[in-house]
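When we follow numbering that gives the first Met the number 0, the leftmost residue of the sequence shown carries the number 0, and every step to the right adds one.
By construction, the Cβ of each residue, glycine as well, lies at the ideal position given by its N, Cα and C atoms.
All of these numbers come straight from a predicted model, not from anything done at the bench.
Data block below; observations after.
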Amino acid sequence: MKREQVTERIQELFRDVFDDQSLVIHESMSSSNLATWDSLHHISLLVAIQNEFQIKFSLIEIQDLQNIGSIIDLILQHVNAE
0 MKREQVTERI QELFRDVFDD QSLVIHESMS SSNLATWDSL HHISLLVAIQ
50 NEFQIKFSLI EIQDLQNIGS IIDLILQHVN AE
């Protein structure tokens, strides 16, 4: 799977989780850039991502996530490892 494909798919997940169809993500975006990105949204987002891509993140992987770019990197690691 290519990075652009992952980005497009998680763009839709972000819009669904944050209930904002105008939301546009970028790789450097993090919870500090989005006021509504609180701990509940973070958990909902991670669950949605894992369900969408049929993957499972470890606790250590989740703790290391810094921004959307790192989320995309992690998804690609899991998806391309299969």
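Query	Result
How many whole angstroms separate the CB atoms of Ile-54 and Val-78, which I take to be in contact at a CB cut-off of 8 angstroms?	7 angstroms
Let me confirm a value: Val-5 is counted as buried when at least 16 other C-beta atoms fall within 10 Å, else exposed. Which label applies?	buried
So is Leu-58 buried or exposed if we call it buried at 16+ other beta carbons inside 10 Å?	exposed
Mind checking whether Val-16 and His-41 have CB atoms under 7 angstroms apart?	no
Do the CB positions of Leu-22 and Ala-47 come within less than 7 angstroms of each other?	no
With a CB to CB cut of under 6 angstroms and the five nearest residues on each side skipped, what residues in its chain are close to Thr-35?	Phe-17
Note down the Cα distance separating Gln-49 from Leu-73, rounded to an integer number of angstroms.	11 angstroms
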